[in-house]
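Written out below as structure tokens is the structure these notes cover.
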Amino acid sequence: MPSATEAFSKALEVADDFSSAFDDASFIPVPDDWLIAVSDVVGSRKAIAAGRYKAVNMAGVAMISAVMNALDSRDIPFVFGGDGAALAFAPQERDMIADAMGKTATFASEELDLDLRLAIVPVSKVRADGFDVRVKPVRVSPAVTNFAFNGGGVSHAEKLMKAGEFRIGMAAPGARPDLEGLSCRWTPIREEGRNIVSLIVEPSPTISAEPFAAIARELVAIGNDGAEQSNRCQGRVRVSNGRLKASIMRHAPAGEKIAVCARRLLYFVTLIAWLLDRTGIRIGGFDPVRYREVTALNTDFRKFQDGLRMTVSLSAEGLSQLTDRLEKLREEKRIRYGICVQESAVLTCYVPSILEDSHMHFLDGAGGGYAEAATNMRE
């Protein structure tokens, strides 16, 4: 029997095109007794500056994968924000989700050496403060659906969390969530002579939904830079230190010998994956060529959370066109925006099965990404 959250999500009409995420009228308010789970990495900019962008992104995706595994469903309204994530869910699932979140914070602290801040904020509180939480499922590919949020409620919940309200603490030392499928084994994605641009654009308080939708569509077109961006979201398999550490630590309480065996096993599995990726050989129903193609299709390089967010590859000319347009729109007091320009991007993945096409991939810039863009918001 589906959970209350899953039942609500599956009943929503799925938008087949990302541009329809800007259509304000088609968003559906979540029930008033629902809750918003939010997370972010404390000191994420410092960690990213130290080269720990993979660990920061993994901590953000970990909450999503932990909750999906806890509920045994991917039909949960969620959005990935680089150094954190947000989910909307029914009150019946609160205890289960709070447990998964607390264990995720312990995992982040003990295995990734990161402080993951958490909160569960009532939707009723958000609405009482003058905001709303409305959602819309948006098809990313034939096999994957993500969610768009508007109404300002998710962003407001994040502010309440950072102010210390509705906080959720870590679980007991040694506690671990179910992170089956969470991985980070792709090399950074870069293109010679191009920039990876992470962008956050939000409407000014004076602009209505329809004019902002036109602006968002225009910026998406500029961001495409003459090609479909999902085709660029392809890298190569490699051993990821963050994932390796997580796998080893999961076995650590049983003794050093088991930890060494886990390390060797992970290297062996990753070596096989690398060989299959390089050679294109199929084995046991796994087609590495198709997997890489579907990975590109299933990557969330653009999303809508109370505004437009995207991480795209731009030429120098495309970047200049984008920044000129952003500045003009800001000067006209129609938007506020934050931008981070970097050399590469990184994928963090949720792959419950490599034999199915429904694996999900979360893209962020490797030089600050959405976390840096959020701190550089220009009013």
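So the sequence shown is numbered by my numbering: it starts at 1 and just counts up by one. Ideal Cβ positions, reconstructed from N, Cα and C, are used throughout, including at glycine.
| message | DSSP three-state label for Pro381, please. | response | In the structure as shown, the chain begins at 1 and stops at 379. Residue 381 is therefore absent and cannot be evaluated.
| said: Contact defined as beta carbons within less than 8 angstroms: I believe Asp72 pairs with Ser44. What is the distance between those atoms, to the nearest angstrom? | reply: With a Cβ gap of about 30 angstroms, Asp72 and Ser44 do not count as contacting.
| query | Among Arg334, Pro29, Gly369, which has the Cα closest to the Cα of Asn150? | reply | Pro29
| task | Have a look at Ser40 and Leu319 and give me their C-alpha separation to the nearest angstrom. | result | The sequence as given places Asp at residue 40; Ser does not occur at that position. Approximately 28 angstroms, taken between the alpha carbons.
| query | First and last residue of the beta strand (DSSP E) that includes Ala98? | reply | First-last for Ala98: 94–111, but that is the alpha helix (DSSP H), not the beta strand (DSSP E).
| said: Per the DSSP calculation, Pro122 is bridged to which residue(s)? | reply: Leu35
| CA-to-CA distance, Gly130 to Ile120, given in whole angstroms | 18 angstroms
| task | Leaving out five residues on either side along the sequence, give the residues of the same chain with a beta carbon under 6 angstroms from the beta carbon of Ala108. | result | Ala59, Leu114, Leu116
| Quick one, are the C-beta atoms of Ser183 and Asp357 less than 9 angstroms apart? | no
| request: Could you tell me if the beta carbon of Arg190 falls within a distance shorter than 8 angstroms of some heavy atom in the ligand ATP? | output: Here there are no bound small molecules, and the ligand ATP is not part of this structure.
| said: As a quick exercise: from Leu112, Val154, Ala70, Ser208, pick the residue whose alpha carbon is nearest that of Ser3. | reply: Ala70
| query | With a cut-off of 8 angstroms, do at least 3 Cβ pairs link the stretch 306–316 to the stretch 193–203? | reply | yes
| message | If you measure between the beta carbons of Gly365 and Ser198, is that distance less than 9 angstroms? | response | yes
| Simplified DSSP state of Thr348, which is helix, strand or coil | strand
| task | Please report the residue range of the beta strand (DSSP E) in which Asn150 lies. | result | 145–150
| Touch test, the stretch 371–378 against the stretch 327–342, Cβ-Cβ under 8 angstroms, three pairs minimum | yes
| Nearest-angstrom Cβ-Cβ length linking Asp300 and Asn57, presumed shorter than 8 angstroms | In fact, because the Cβ distance is near 12 angstroms, the residues do not count as touching under 8 angstroms.
| query | DSSP three-state call for His359: helix, strand or coil? | reply | coil
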